[in-house]
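Residue numbering for the sequence shown follows the UniProt record's numbering, beginning at 1 and increasing consecutively. Ideal Cβ placement from N, Cα and C applies to all residues, glycine included. The next block holds one structure in the form of structure tokens; read it before the comments.
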Amino acid sequence: MLEIERLTRRFGEKTAVDGVSLSIPAGQMVGVIGRSGAGKSTLLRMLNRLTEPSAGRVLFDGTDITALRGQALRDWRMRCAMIFQQFNLVQRLDVLTNVLVGRLNRRPVLTSLLRMFTAQERAMALAALDRFDLAETALQRADTLSGGQQQRVAIARALLQEPRIILADEPIASLDPRNARTVMDALRGVNRDGITVLVNLHDLATARDYCDRIVALNAGRVVFDGPPPALTAQRIREIYGVTEEEFAEEAAAAVGAPPPRHPAIAAA
1 MLEIERLTRR FGEKTAVDGV SLSIPAGQMV GVIGRSGAGK STLLRMLNRL
51 TEPSAGRVLF DGTDITALRG QALRDWRMRC AMIFQQFNLV QRLDVLTNVL
101 VGRLNRRPVL TSLLRMFTAQ ERAMALAALD RFDLAETALQ RADTLSGGQQ
151 QRVAIARALL QEPRIILADE PIASLDPRNA RTVMDALRGV NRDGITVLVN
201 LHDLATARDY CDRIVALNAG RVVFDGPPPA LTAQRIREIY GVTEEEFAEE
251 AAAAVGAPPP RHPAIAAA
């Protein structure tokens, strides 16, 4: 169980996340939506301590994550894997090595620096690539792959961490619709293995299709938390004062993507 208790982050006089409280059961897939600047990315980054909270705390199975330091914090980041919009692969390295990077925090410092991976770890990496139909790309440089393929490599790398939670920050914002579906299918498959997934999405239709639960933010506060069917077009208008179509246009502008062909929520 992931417990978020009045989590807050201030940047000077601006409050990006304002007293967010959520309880997320193990194995749930949660879509976090909101307009540009709503605080979605800041919220996810606080969960694995890439951004430090100004107030509040995060608990996982009773452990106060916000109090962790040193090796305990590194262990948490291993169990709480992060996937980014821009993939964060080492472009000049081959795909297999990029996936194996997910094992570095589980290895002694020297062997990590030398990238001395075991046969078992290489087998794990190949199995993860095969799961996402990427085994044949193992020896290619990462920069030879399409955006959708690179994002699936990033998911495979996250799996090598053997995480309990995956945080995905706008993982499909820069992808075309076909690749976006492939990446979301991959995340949903990971979730069905029992891994909790929190995913920031700019697209409301995608959140409805893939997530068990939707959390909507506005000005850093939770303004909706419930099942996808409950977040109707009327509810969107009540919360944000705009139509889904207007959100779609704002979403495309916020992430630099072509306007979607269906209703969408703007990116943070």
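| Asked | Found |
| --- | --- |
| Distance between residue 21 and residue 75 (C-alpha atoms, nearest Å) | 24 Å |
| Residue(s) in a DSSP beta bridge with residue 225 | 215 |
| N-terminal and C-terminal residue of the beta strand (DSSP E) that residue 34 is part of | 29-34 |
| Distance between residue 36 and residue 193 (C-alpha atoms, nearest Å) | 32 Å |
| Three or more C-beta pairs below 8 Å linking the segment 178-190 and the segment 147-155 | yes |
| At least three beta-carbon pairs within less than 8 Å, the segment 119-129 to the segment 33-52 | no |
| Spatial distance of residue 93 from residue 162 (CA atoms) | 22 Å |
| Cβ distance (whole Å) where residue 102 is taken to contact residue 157 below 8 Å | 4 Å |
| Residue 83 vs residue 214 beta-carbon contact at 8 Å | no |
| Status (buried if at least 16 other CB within 10 Å, exposed otherwise) for residue 91 | exposed |
| Rounded distance between the beta-carbons of residue 79 and residue 164, thought under 8 Å | 5 Å |
| Ranges of the beta strand (DSSP E) found wholly within the segment 4-89, counting only runs of at least 3 | 14-24, 29-34, 55-60, 80-83 |
| Cβ-based neighbour list, residue 172, same chain, cut-off 6 Å, excluding 5 preceding and 5 following | 180, 183 |
| Spatially closest choice to residue 10 from 53, 59, 57, 3, by CA coordinates | 53 |
| Residue environment, residue 209, which counts as buried when at least 16 other CB atoms sit within 10 Å | exposed |
| Anticipated Cβ contact below 8 Å, residue 33 with residue 216, distance rounded | 5 Å |
| Host alpha helix (DSSP H) of residue 239 (start-end) | 233-240 |
| Anticipated Cβ contact below 8 Å, residue 7 with residue 56, distance rounded | 4 Å |
| Whole-angstrom C-beta distance between residue 30 and residue 24, which should lie under 8 Å | 6 Å |
| For residue 155, the three-state DSSP class (helix, strand or coil) | helix |
| Option nearest residue 116 by Cα separation, candidates 131, 129, 100 | 100 |
| Alpha-carbon spacing of residue 292 relative to residue 153, whole angstroms | In the structure as shown, the chain begins at 1 and stops at 268. Residue 292 is therefore absent and cannot be evaluated. |
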